[in-house]
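Residue 67 in this note's numbering sits at position 51 of the sequence shown; the count goes up by one each step and never skips.
Here's the structure, in structure tokens; my notes come after.
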Amino acid sequence: MDLGHRIVAMVSSRPKRVICLTCGSEHNYRAPASARDKVKRAPRTPGGAAERATVKARAEADRVNSWESRIAGQANDAFVRYSMDKTFAPGQLINHKKFGEGYVVTVLEDCKIEIMFRDGMKTLAHGQV
17 MDLGHRIVAM VSSRPKRVIC LTCGSEHNYR APASARDKVK RAPRTPGGAA
67 ERATVKARAE ADRVNSWESR IAGQANDAFV RYSMDKTFAP GQLINHKKFG
117 EGYVVTVLED CKIEIMFRDG MKTLAHGQV
């Protein structure tokens, strides 16, 4: 429904602020609904959600391939069983009972490490006595 308004402020030749003649409130100018319906929308350009999904899938595939290249061909004795009280170094192979096999990416401050597992990066504690 389009209500009557009185223009209070203009910028260039366009209304900026208006007062509603029905309720007396003042607000920024909005084009009437009838005018908004007539405005043609620009056609969608390629590169929307489908492209973002493709980029995300490609990044996920790269991450999994990176993980597999680090883990593949390693003997079971190369993996250290994860425990909070042990200390780990970057590049060390870890076997976690819930997350599976992974490798240490970064040793963070405050006794934490980032480990890349097949399902993604996890931050875990280490060196806790």
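Ideal Cβ placement from N, Cα and C applies to all residues, glycine included.
For clarity, every value in this text was computed on a predicted model and none was experimentally measured.
Could you give the first and the last residue of the continuous alpha helix (DSSP H) run that contains residue i?
| i | result |
| --- | --- |
| Arg-86 | 65–87 |
Tell me the residue span of the beta strand (DSSP E) that contains residue i.
| i | result |
| --- | --- |
| Ala-25 | 21–27 |
Per DSSP, which one or two residues make a beta bridge with residue i?
| i | result |
| --- | --- |
| Asn-111 | Arg-97 and Glu-117 |
| Pro-31 | Met-26 |
| Cys-36 | His-21 |
| Asn-92 | Beta-bridge pairing links Asn-92 to no other residue. |
Between residue i and residue j, which are expected to be in contact by the criterion C-beta below 8 Å, what is the C-beta distance as a whole number of angstroms?
| i | j | result |
| --- | --- | --- |
| Glu-130 | Phe-95 | Going by Cβ atoms, the distance from Glu-130 to Phe-95 rounds to 17 Å, so no, they are not a contact pair. |
| Arg-46 | Trp-83 | In fact, because the Cβ distance is near 52 Å, the residues do not count as touching under 8 Å. |
| Asn-111 | Tyr-98 | 7 Å |
Just to confirm, are residue i and residue j a CB contact at a threshold of 8 Å?
| i | j | result |
| --- | --- | --- |
| Val-120 | Gln-108 | yes |
| His-142 | Phe-104 | yes |
| Arg-33 | Val-24 | yes |
| Gln-144 | Asp-78 | no |
| His-21 | Cys-39 | no |
* To do: Please specify which runs of the beta strand (DSSP E), each continuous and at least 3 residues long, are wholly inside the stretch 117–141, giving them in chain order.
  => 128–133 and 136–141
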